[in-house]
Every structure is written in structure tokens, then in C-alpha cells.
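For reference, the structure is listed below as C-alpha cells.
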Amino acid sequence: PSMIGRPKNSPNAVFQPQHEFKCHIGEELHQFPFRYDEFKPIISCGIVQDWDEMIILLEYCLKKVPKFDMQEGKYTRRVVLNEPLLNPIKNKQKWFEILFEYFEFHSLVPQVQPLAALYASGRTTGLVLDVGEDCTQILPVYDGYALSNVMNKMRSWGGRVGGGDLTKFVANLKYESGWEFSNSGREISKKIKERLAYVAPNYWKEVELNAESSQLSRTFELPDKTTITIDDLRFKCGEVLFRPSEFLGVDYVDGGIDDLLINTLLKSPIDCRNDFSNNIVLCGGTALMPGFKERLELEVQSRILPPHLPTPKVNVIQQVESSYLSWIGGAIIGSLGLTTHYIFSREGYMESGVDINRPYSLNLS
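According to our numbering, the sequence shown is numbered sequentially starting from -11.
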């Protein structure tokens, strides 16, 4: 995760630059969950919240790249920047400033995350449903061209919904049940979600089954070796994506994830809908939740009928690599022989800056 942990009682922490005293980043935080005053997320909804911390994270990541020489590599390497949909202009401009002025990279290719994920799946036509940590985004792409007028982000009056909201939902329910997990509570909640949560094909039938028997109950072992029983939380967690307003107590103006998907399909040109419904590509770790693929297919098939969908056939593609599809797609794009139209050079940036109105991704119509 894109997070930094600051140690408790860091000596002279107030007076030292942030990079001069000890911190742990990403997966390292899981090894020392009780040593930090806070776990600070650097990115929220795809938008950088703290650029000083972002620089620390990038330096850390570059040092982990095998055989990468910071002094030489930055002058020859091309960077692919995977952006969220509807990325604010200020955020784009700051990325260019950091990568060209601070890191001095040779060139930059910006790309929207769902389009990169589609390339990674081996397709040029499809409807990409990207369920990230902080937000959900959908992008229809036809023959390599993204239909930007139809793209959608799942939003509420208070924020956006994603896998992180499911983790918070688990944390809140376990707090109401009297479980106290101290500082490591968020990580434990995330493990419960990843190991035991699923999406029910029919929520109310699952509620009835859970009331009648303990068939759905599972046990979870805590770090202190005690065990707790998880029952209805297993399917309630997955249902958050389909009924966020009810379970999170926030007015989600787009409804659930199924509503967002269906509305995107219906806004697409009618002659493209069959191709989109047959190629719904899932991206993001939450999209791997058991039952999610089947529930989406069921919702779309039952709610979109002819003439809105000429051939009511729905195929949702769920791959083992769904968590990393955007990254894989970015790696593919970075290795392509792109025309200069899609490449921003440091030389051009230093001479005249960046035309923010210029198309920022491959084939974004």
C-alpha cells in the first residue's frame, strides 16, 4: 500500500526534515504494527495528498528496482504514469513537475488506469470496471478508443467507494461486537475481508440461511491466538458494493456498483453494447472477491433487456492478475514503440511546459 509509518517518539522529529529520520513504507508496516503513531496514506482516490511523502515513496520504490542506477537511469528511462479517471489538472501538473524537475526523467507517457488494464487483458474493446482501494471507476473502450463522454466514477456526497470502505465496514462492525484489536485493527479487518468475505447471489436468501443455521459461520484467528466467529459479516461486507447508501450511511448518488455498470452500458452507443457486455473486464483486488463476478452477470442480465441490449449475453472477465492489471498494462505501454504524440519529453517540458489540454492518454477520444 502507498502508506508511510512514522515511529513513536522519534527523536527531534519536529525539527528534522521528514526524510532524515526512520520510517517504514508499504508492506514493511505490517511487520511493525505497534511502533507507529499513525499510518499515513499518501494517495486517496488516486490523488496525491502529500507530495513530500510521495517523493520519499518514489525514491524508496526506485531503489527496489533491480539494476536501476538512479544517476544514469533517470536520463534514459521512460516513465508511464497511470492516472485515475477525471484526474484534476493541478494533480497532473504536479506529477510532471516532480518527475521532470526533481527526478529528471527523460520522458513521460500518461495513461488512464482502466485503459491500461484493458490492454493487459489482451483486448482493445471492452468495459473496464476498476474497483480500487478508494474509488470505483468504469471506462468503455471500443477498438482502442476510450469513450470519455461515457466514463464514470462511483461517488457520494462524502467521497467515493472502494475496497477501503469494505475494510472500514468490517472494522466498525467488529467494534460494535466488542472486539478490540488495538493499533493493528485495520490490518486485521483487511485480512478478515480478504479471507472470509464474499458476494451473495441473493442477499436476503443468505440472511435467512444465516438465521436458520451456522452453515455460513467461519472462525478467524487473531494475532494473540484467540479465535472469533464470523457469520453474517461475511456476506454483508460484499453487499456494501451493491448497496453503499444503506450499509455505509452515506448518500451515494450513483447507487451501487451494479447501477453504475448498467448506467454506463445504457449511455454507450447501442451498436457497441453487445461488445461491451461480452467483455466486462474486472480490475482491482476487491474485484477478486468470491461471488462478485457471478453477481454482476446476474444483475446485468436481469435488468437490461432488449431492445436496450440487443443480445442479452453478459460475460464478466475475472483474472487472477486483476489486482495488477493496470500495472501490467502500463509495463506493456512503456515497451511499445509509441509515436512522439503520446510522449512528453523533459526537454520540451523545460522549454515550454506542458499543454494541459493536449490528450493525456493513448486513443482517448
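We put the CB at the ideal spot given by N, CA and C, even for glycine. Just so we're clear, the structure is a prediction, and the values are computed from it rather than from any experiment.
*State the DSSP-derived secondary structure class of residue 145, mapped to helix, strand or coil.*
Position 157 of the sequence shown, counted from the first residue, corresponds to residue 145. For residue 145, the predicted structure reports a pLDDT of 40, less than 50, and the residue's modelled location is therefore unreliable. A value from the coordinates is still provided. Three-state result, residue 145: coil.
*asked:* Under 8 Å, with one C-beta from each stretch per pair, do the region 265 to 285 and the region 299 to 311 reach the 3-pair mark?
replied: yes
_For the beta strand (DSSP E) containing residue 71, name the first residue and the last one._
Translated into the one-based positions of the sequence shown, residue 71 becomes position 83. Run containing residue 71: 66 to 71, per the beta strand (DSSP E) assignment.
*Since residue 271 and residue 310 are thought to touch, with beta carbons under 8 Å apart, how far apart are those beta carbons, to the nearest angstrom?*
The count along the sequence shown starts at 1 and reaches residue 271 at position 283. The count along the sequence shown starts at 1 and reaches residue 310 at position 322. With 8 Å as the limit, residue 271 and residue 310 qualify as a contact, their Cβ atoms being about 6 Å apart.
*From 210, 130, 123 and 181, pick the residue whose C-alpha is nearest to that of residue 34; which is it?*
What you label residue 34 is simply residue 46 of the sequence shown in a count that begins at 1. Measuring from the Cα of residue 34, the nearest candidate turns out to be 123.
*The beta strand (DSSP E) with residue 102 in it runs from where to where?*
By 1-based counting over the sequence shown, the position of residue 102 is 114. Taken as a continuous stretch (DSSP letters only), residue 102 belongs to no beta strand (DSSP E), being part of the alpha helix (DSSP H) at 101 to 108.
*asked:* For residue 252, count the other beta carbons within 10 Å of its own beta carbon; 16 or more makes it buried, fewer makes it exposed. Which is it?
replied: In the sequence shown, counting from the first residue as 1, residue 252 sits at position 264. Answer is buried; the Cβ neighbour count reaches 16.
*Look up residue -9 in the DSSP assignment and give the residues it is bridged to.*
Walking along the sequence shown from the start, residue -9 turns up at place 3. Partner(s): 29.
*asked:* Could you pull the DSSP bridge partners for residue 85 from this structure?
replied: Within the sequence shown, the letter at position 97 stands for residue 85. Its beta-bridge partners do not exist; DSSP assigns none.
*In chain order, what residues of the same chain have a beta carbon less than 8 Å from the beta carbon of residue 8, not counting five sequence neighbours either side?*
Here the question's residue 8 lines up with position 20 in the sequence shown. Any reading at residue 8 must be qualified, since the residue scores a pLDDT of 46, below 50, and its modelled position is unreliable; the value itself is stated next. Closer than 8 Å at Cβ, skipping near neighbours: no residue.
*asked:* How far does the beta strand (DSSP E) with residue 232 in it extend, from its first residue to its last?
replied: On the sequence shown, position 244 is the one that residue 232 refers to. Careful: residue 232 lies outside any beta strand (DSSP E), inside the alpha helix (DSSP H) at 232 to 236.
*Taking residue 208 as part of the beta strand (DSSP E), name the residues at either end of that continuous run.*
Residue mapping note: residue 208 aligns to position 220 of the sequence shown, counting from 1. Its beta strand (DSSP E) spans residues 206 to 209.
*Would you call residue 72 buried or exposed, if buried means 16 or more other Cβ atoms sit within 10 Å of its Cβ?*
Locating residue 72 in the sequence shown gives position 84, counting from the first residue. So residue 72 counts as buried.
*Keeping to the same chain, check which residues put their C-beta closer than 7 Å to that of residue 334; ignore five residues upstream and five downstream.*
As a working note, residue 334 is residue 346 in the sequence shown. If we look at residue 334 and ignore the five residues flanking it on each side, its Cβ neighbours are 88, 92, 93, 94 and 95.
*With a Cβ-Cβ cutoff of 8 Å, do residue 244 and residue 229 count as a contact?*
Position 256 of the sequence shown holds residue 244. Position 241 of the sequence shown holds residue 229. Closer than 8 Å, so yes.
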